[in-house]
Structures are given as structure tokens and as C-alpha cells.
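First comes the structure, then the notes that go with it.
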Amino acid sequence: MSKSVILLKAESSSKGVDPYRKALEEAGFIPHFIEVLNFKFVNSVQLAEQLQRHEEYSGMVVTSQTVVSAIEKAIAEGLISKEVFSSGWCSKKVYVVGASTAVAASKLGLQCFGEDSGNSESLAKYILSDIGSDGSSQHLLFPCGNLRKDSLPVMMKTANVRLTEIVCYETCPAEGIKEKLSLYHQQNGPPDWIVFYSPSGVRFTTQTGYELQPGTKLAAIGNTTAVAMETEGLNVTACPSAPKPYNLTQVLLNT
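Quick note: the working numbering has the sequence shown finishing at residue 327, numbered continuously throughout.
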């Protein structure tokens, strides 16, 4: 019998079929997506100004697809031309968290490194390993969200790597999280699995007062998400070794 999986994320349609849907369905699961996060873009002018000053930077740090969307928005609004962006950034190293972020950034022509990092702390370790002992010569642009963790900036500062941070989006809860989960239960019964993708997604979901049903197992994408779940009193049954559809599918199959 097929097992049901609720993924607490927006379903991506940029490549036709969300890669999580494809991987899970091929393995016999029935996936259902419920969006728990909304994003508000801010400081677009300031972001564009820093992108235009590309000669001051040795590279960029991108920890989410939303940052890529913020850059795309700045280009689409004419705050920076595609030509200026491409000539200034496509030859520099761009350090990213996760394969999905790498795919999105690559569409802008960016050279991505560190995509197997599951969180910003792991990416910071990768960056420091990549640049070696010459941290003081590095200057990285760090577009990020308002809820970013302190680990990466602290680790860069400790290694004397200059980091210029610009908050380019704010995270807020999506509408109707509890109602959508309740409707799913009414129509399908409790799911076999619920997958959380971020600490903010964990917080926004638990704040709704939604009560987990007995028998539903919980999975976390990334150790940071797992810690957030445990902090909220949720039992983490599975955490894939990498934030990729294949790894999630395998851990669900074998748990």
C-alpha cells in the first residue's frame, strides 16, 4: 500500500514537475504539498547597488532559493541590468546551500559551490576550507533573509573573512496552514509522514495549534530544522544525509 507524505513547502513548477514529487512518486509514495512560508522582498535597491559593486567582492553566499528570486526581481525591475550582473558575477564563486538553490542560481549563469551543504553552518565550513588560510583577502556578499542564523557570519568573522550582509527578504507564515492540514486529514486521513523544511516552517506550523495524529512520522530536511523540531517537542524520526529528493526518499523507504 502506498504511503502518504505531506511536504511542508511550496511545490516547484520551474522544471515542470517538482523533483520531490517525482522522486517520491517513483518510489511509490503519494506526496501532498502544503505551503507554510511566504516571503516579502525588501531592500531591492540596496541589493542592486551591492551587486553593481561586484569588483569589490571575491564571491557571494546564497543560502536559499528566495535569495535567487530577490536577485531575479532586481534584474526584472531594471535595478541592475542582466549584462552588468552577468559580467560581474558569473566568473566569481557563489557558495550555496542545497541542490535546489544551486539549480536556481545556475540559471542566472552563476558558478555554484558547496551545494551539498545542508545548512549555513556546513556551508561556512566548506567556504573556509575552500579559501584556505587567506581569509583576510576575501570579501563575500551575503544577501539573506531576516531570520538568518548567526553561525555563518560568526564563523566568517572569526576567520577574518569580510562579509557584507544585505537583508533582501522577510519570512512570514502562509495563510491557512492549519486549515489546509485539517482538510487533508478530512479527505485522506492522517498522513504516514510529514516533512519539515526549515526552522521557520516548524515554528509557523506549531504556532497554529495543529495537533499531530498518532502514527504520523516526522522528517527534517537539515540538522538545523531537526533541532528546531526537537525544541518544539516534536519527535524527529528521519533526517536525510543531504537536502535532496533522492536522499529524502531513501530515508523514508528505510525508516
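Built from N, CA and C at the ideal position, the CB exists for glycine as well. The structure presented is a predicted model; accordingly, all values stated were derived computationally and were not measured.
What's the C-alpha gap between S130 and D188?
The residue given as residue 130 occupies position 58 in the sequence shown. The residue given as residue 188 occupies position 116 in the sequence shown. Distance between the alpha carbons of S130 and D188 is about 21 Å.
On the premise that N218 lies in contact with T236, defined as a C-beta separation below 8 Å, what is that separation, rounded to the nearest angstrom?
The residue you call residue 236 lines up with position 164 of the sequence shown. The residue you call residue 218 lines up with position 146 of the sequence shown. At roughly 16 Å, the Cβ-Cβ gap does not stay under 8 Å, so T236 and N218 are not in contact.
Take every Cβ of the region 97 to 107, pair it with every Cβ of the region 125 to 140, and state whether three or more of those distances are shorter than 8 Å.
no
Exposed or buried, which one is K233 when buried takes at least 16 other CB atoms within 10 Å?
Translated into the one-based positions of the sequence shown, residue 233 becomes position 161. The question names Lys, but residue 233 in the sequence shown is Val. V233 comes out buried.
What are the boundary residues of the alpha helix (DSSP H) that includes R234?
Position 162 of the sequence shown holds residue 234. Taken as a continuous stretch (DSSP letters only), R234 belongs to no alpha helix (DSSP H), being part of the beta strand (DSSP E) at R234 to P245.
Whether P263 touches T288 by CB criterion (7 Å)
On the sequence shown, residue 263 is found 191 positions in, with the first residue counted as 1. On the sequence shown, residue 288 is found 216 positions in, with the first residue counted as 1. Against a cut-off of 7 Å, the Cβ pair of T288 and P263 comes out as a contact.
Test item: CB-CB of S313 and N319 under 7 Å
In the sequence shown, residue 313 corresponds to position 241, counting from 1. In the sequence shown, residue 319 corresponds to position 247, counting from 1. Yes, the Cβ-Cβ distance between S313 and N319 is below 7 Å.
Check A120 in the structure and name its three-state DSSP category.
Sequence index remark: in the sequence shown, residue 120 carries index 48 (1-based). Residue state, collapsed to three classes: helix.
First through last residue of the alpha helix (DSSP H) which encompasses F276
The residue labelled residue 276 in the question sits at position 204 within the sequence shown. It spans P271 to Q279 - the alpha helix (DSSP H) in which F276 sits, taken as one unbroken run.
Please report the straight-line C-alpha distance between L224 and G248, rounded to a whole angstrom.
Numbered from 1 along the sequence shown, position 152 holds the residue referred to as residue 224. Numbered from 1 along the sequence shown, position 176 holds the residue referred to as residue 248. Taking the straight line from one Cα to the other gives about 33 Å.
Start and end residues, beta strand (DSSP E) containing F157
What you label residue 157 is simply residue 85 of the sequence shown in a count that begins at 1. No beta strand (DSSP E) holds F157; the alpha helix (DSSP H) holding it covers K154 to W161.
Contact check, V166 vs L182, beta carbons under 7 Å:
For the purposes of this step, residue 166 is taken as the residue at position 94 of the sequence shown. For the purposes of this step, residue 182 is taken as the residue at position 110 of the sequence shown. Closer than 7 Å, so yes.
Who does H211 pair with in a DSSP beta bridge?
The residue labelled residue 211 in the question sits at position 139 within the sequence shown. Its beta-bridge partners are R234.
Pick helix, strand or coil for N260, following the three-state DSSP scheme.
For the purposes of this step, residue 260 is identified with residue 188 of the sequence shown, where counting begins at 1. It is helical.
Take every Cβ of the region 185 to 201, pair it with every Cβ of the region 149 to 164, and state whether three or more of those distances are shorter than 8 Å.
no
Quick check on the DSSP output: the alpha helix (DSSP H) that includes Q322 runs from which residue to which?
Here the question's residue 322 lines up with position 250 in the sequence shown. Segment P317 to L325, the alpha helix (DSSP H) holding Q322.
DSSP three-state assignment for S178, whether helix, strand or coil:
Locating residue 178 in the sequence shown gives position 106, counting from the first residue. S178: helix per DSSP, three-state reduction.
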